[in-house]
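Here the structure is laid out as structure tokens; the discussion comes afterwards.
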């Protein structure tokens, strides 16, 4: 049996980030469908809307099914044009806004670009400072400044420390450093000395030896470094180290950078520095 | 007149990213309200739900208004408990899922953790490769490899190149390098030589001289580097350079990293390498 093919359009006055995030989270609940996702940001005039109608109709013909359209458009007149196309529209904005207006007893501004627009200067600086901190304290660099970190991720090579630090900085404004656990630490069987003064900021990342092996093979195929036996040794050792020193840690085998970051925030009790 | 204070809860089985995105994009449309936002991720059992009911009721008492609750919970029984609290619930999932089920003529999986769960291995590697590329080609480092870049951001110091490159990598899997335009380039009044072979990949970032001055003052207060006159010279020069060499460019004064990135993607015609 061939898979049902469906085209999905994400429509927005601005970046389309909200439309995509919301649409994506709904569509992941449906298996066995082949999605073709098209982001249509900055849909801000009638001419663009009319061209899009043709595109939607064309997709409907090709697929044999009408496309799904997820919209965060604030301008009702543009969405009205889109509704003429052969599609099913899910309107995130209108669906909720009236009842929120009623609850708050005030009208909404209906102005585009607010959701991912420029933050307040303070947030901007916090965000940039956190990014700079992550970049300047990646992979064990400048451990002297670790006392300034909000959190310090530790783990063996390829455990996901760097992307998580960057995500924590960009998304939450958290100053995150990271420090690699190496072969030498393993032989000495102790926590690296530089980490001792900041033990209460440590958070371990671990994963299955098989997954680590898979990731390392991509980097250095058929190396000792990537071998399953080596990965097993390192993972086993680091997990007992985490337990011995009461370092909280997380198994990241089945989760994404977004989830790792949200879980770290939740467990460490760190306060996000950016909102929205 | 004092501002209306309102507490907002974002409820989720998992990270809460979707619930926050939805709530935030709606709430930005209402001015003059002081929001207190509380993210409640991993709300996955009845005991947590009952504790939360008390917390919501307490907030309602303190605020003098009932809290708004944005939920992406998949488990109806947990949300049922929350509905007993003194609050207004906006249920993202149930609001849309039935009509999508009807449209697709199949039931949804209703399984948590899919939206920001682990991507396919291919996407995972693309994402990590893009992050590594951005880290290895920041601030003019390794220009020999610029031919491998999907895009190369250029601009004067503090124009926002680094955070944008990181966001493009993390969010879209785009391999983005960046190269700073310096005082020396300005004196020579030409495009840096190393950029000539990759002219078709260049994208300029500019901003108002006043904003650049503001940002640089934060970094090096009262310096020549941060002076308004210096910022004016550099901005004027780089914009004429962009025009002379037909380098597309963007004024980032009033927009966020998310918007800059989405606009770059839209204008350059680059295809995102990650979806969702």
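Chains as they are written, first to last, in our numbering: chain A, 4 to 279; chain V, 4 to 279.
Here a beta-carbon is modelled for each residue, glycine too, at the ideal position from N, C-alpha and C.
Quantities reported herein were computed from a predicted structural model and do not represent experimental measurements.
Those residues which DSSP pairs with residue i across a bridge
i	result
residue 92 of chain A	A:72
residue 38 of chain V	V:9
residue 181 of chain A	A:156
residue 205 of chain V	V:155
residue 82 of chain V	According to DSSP, residue 82 of chain V bridges with nothing at all.
residue 254 of chain A	A:209
residue 312 of chain A	Absent from the model: residue 312 of chain A. The displayed extent of chain A is 4 to 279, so no value can be given.
Interface flag, residue i vs chain A, CB-CB below 9 Å
i	result
residue 42 of chain V	yes
residue 58 of chain V	no
residue 188 of chain V	no
residue 269 of chain V	yes
residue 236 of chain V	no
residue 86 of chain V	no
residue 151 of chain V	no
residue 198 of chain V	no
residue 20 of chain V	yes
residue 24 of chain V	yes
residue 77 of chain V	yes
residue 138 of chain V	yes
residue 227 of chain V	no
residue 134 of chain V	yes
residue 109 of chain V	yes
residue 223 of chain V	no
Any C-beta of chain V under 9 Å from that of residue i
i	result
residue 106 of chain A	yes
residue 219 of chain A	no
residue 7 of chain A	yes
residue 143 of chain A	no
residue 185 of chain A	no
residue 100 of chain A	yes
residue 96 of chain A	yes
residue 91 of chain A	yes
residue 233 of chain A	no
residue 81 of chain A	no
Length of the line joining the Cα atoms of residue i and residue j
i	j	result
residue 7 of chain A	residue 35 of chain A	7 Å
residue 190 of chain V	residue 83 of chain A	53 Å
residue 255 of chain V	residue 19 of chain A	18 Å
residue 162 of chain A	residue 85 of chain A	45 Å
residue 240 of chain A	residue 138 of chain V	29 Å
residue 67 of chain A	residue 219 of chain A	43 Å
residue 70 of chain A	residue 40 of chain A	10 Å
residue 149 of chain V	residue 249 of chain A	44 Å
residue 100 of chain V	residue 208 of chain A	35 Å
residue 263 of chain V	residue 167 of chain V	7 Å
residue 145 of chain V	residue 155 of chain V	12 Å
residue 116 of chain V	residue 232 of chain V	52 Å
residue 95 of chain A	residue 23 of chain A	11 Å
residue 276 of chain V	residue 177 of chain V	6 Å
residue 59 of chain V	residue 65 of chain V	10 Å
residue 206 of chain A	residue 251 of chain A	5 Å
residue 38 of chain V	residue 54 of chain V	21 Å
residue 224 of chain A	residue 98 of chain V	48 Å
residue 109 of chain V	residue 221 of chain V	55 Å
residue 253 of chain A	residue 125 of chain A	32 Å
Selected residue, minimal CA-CA separation from residue i, among the options
i	options	result
residue 79 of chain V	V:223, V:114 and V:229	V:114
residue 130 of chain A	A:169, A:225 and A:160	A:169
residue 107 of chain V	A:108, A:227 and A:31	A:31
residue 21 of chain V	V:134, V:266 and V:118	V:118
residue 269 of chain V	A:33, A:26 and A:44	A:44
residue 246 of chain V	V:236, V:25, V:76 and V:194	V:194
residue 159 of chain A	A:142, A:171, A:172 and A:151	A:142
residue 212 of chain A	A:188, A:243, A:238 and A:10	A:238
residue 186 of chain A	A:236, A:72 and A:98	A:236
residue 3 of chain A	A:93, A:5 and A:46	The first residue shown for chain A is 4 and the last is 279, placing residue 3 of chain A beyond what the model contains.
residue 271 of chain A	A:259, A:234, A:230 and A:204	A:204
residue 102 of chain V	A:261, A:29, A:227 and A:267	A:29
residue 140 of chain V	V:75, V:196, V:214 and V:172	V:172
residue 81 of chain V	V:132, V:15 and V:25	V:15
residue 192 of chain V	V:135, V:242, V:72 and V:134	V:242
residue 2 of chain A	A:234, A:27 and A:5	No statement about residue 2 of chain A is possible, as the shown extent of chain A runs from 4 to 279 and does not include it.
Scan the region 161–181 of chain A for residues whose Cβ lies nearer than 8 Å to a Cβ of chain V and list them as they occur along the chain. 165, 166, 169, 170 and 173
Of all the residues that make up the region 111–128 of chain A, which are near chain V by a beta-carbon distance shorter than 9 Å? 111, 112, 113, 114, 116, 117, 118, 119, 120, 121, 122, 124, 127 and 128
Which residues, taken in chain order from the region 239–266 of chain A, show a beta carbon closer than 7 Å to some beta carbon of chain V? So the list reads 257, 258, 259, 261, 262 and 265, given in the order they occur along the chain.
Could you list the residues in the region 59–72 of chain A with a C-beta less than 9 Å from some C-beta on chain V, going in chain order? 68, 69 and 71
For the region 28–53 of chain A, which residues have a beta carbon sitting closer than 9 Å to at least one beta carbon of chain V? 28, 29, 30, 31, 32, 33, 34, 35, 36, 38, 40, 42, 44 and 45
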